[in-house]
Amino acid sequence: MIELTEKPIDPKEIYNRISKDVSGSVMIHFGMVKPIAEGKRTKGIQFVPDGDMEGEMRQVEAELREKWDIEDVLFICRIGNLNVGEVIAVTAIAADGRHSAFDACRDAVEKYKNMKSIKKKELF
């Protein structure tokens with residue numbers, strides 16, 4: 047499942063949103079707005095789609111499903127202005143075992159960090 051949202055992400059809801067019918071492991075990663083960037087204290091960050099962000103996220107999901115033995119993927123990304131401490135993005139992976147869940151989640155986070163369709167700007 048792919049979602050772009052301007053609304054805050056509630057970490058408590060994430061576990062209930064990922065399919066885990068046959069999973070032995072669920073890995074959830076929360077990317078957060080850091081208080082310091084480029085050696086300076088920040089007020090927050092701005093995320094703006096620049097192209098087909100949803101399409102690029104769907105491509106990442108397809109690559110993950112092809113590469114890893116996983117049951118479900120939940121990929122949520124905030125857009126707009128976010129404050130320090132807010133959740134930027136969530137990557138959740140349900141898999142049969144922990145190795146697949148951990149490895150697929152790490153792969154997903156790395157792919158997200160390299161997406162071309164989102165621009166970020168630190169707010170100082």
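Numbering (the numbering used here), first residue to last: 47 to 170.
Glycine included, each C-beta is placed from N, C-alpha and C at the ideal position.
Beta-carbon proximity list for residue i, same chain, < 8 Å, skipping 5 on both sides
i, result
"Glu100", "Ile48, Leu50"
"Arg63", "Met47, Leu120, Ala138"
"Glu52", "Arg124, Ile125, Gly126"
Reduced DSSP secondary structure (H/G/I, E/B, other) of residue i
i, result
"Ser146", "helix"
"Asn127", "strand"
"Pro95", "strand"
Burial state of residue i, where buried means 16 or more other Cβ atoms lie within 10 Å
i, result
"Phe170", "exposed"
"Val94", "exposed"
Proximity to residue i [Cα-Cα], best of the options
i, options, result
"Tyr61", "Lys157, Glu132, Phe76", "Phe76"
"Gly131", "Ile91, Lys165, Lys58, Met73", "Ile91"
"Ile55", "Leu120, Val68, Glu109", "Leu120"
"Asp118", "Lys80, Gly126, Arg104, Lys58", "Arg104"
"Trp114", "Asn127, Asp96, Ser65, Ala140", "Ala140"
"Ala150", "Asn129, Lys166, Glu107, Glu168", "Glu107"
"Lys167", "Val79, Lys58, Pro57", "Val79"
Nonlocal neighbours in the same chain, by C-beta distance under 7 Å from residue i, ignoring five residues either side
i, result
"Ala135", "Gly77, Ile122, Cys123, Arg124, Tyr158"
Whole-number beta carbon distance between residue j and residue i, since they are thought to touch under 8 Å
i, j, result
"Ser69", "Asp142", "6 Å"
Cβ shell of residue i (< 6 Å), same chain only, five flanking positions each side left out
i, result
"Glu102", "Met161, Ser163"
Short CB-CB distance (under 8 Å) between residue i and chain B
i, result
"Gly126", "Absent from the structure is chain B; it holds one protein chain and no more."
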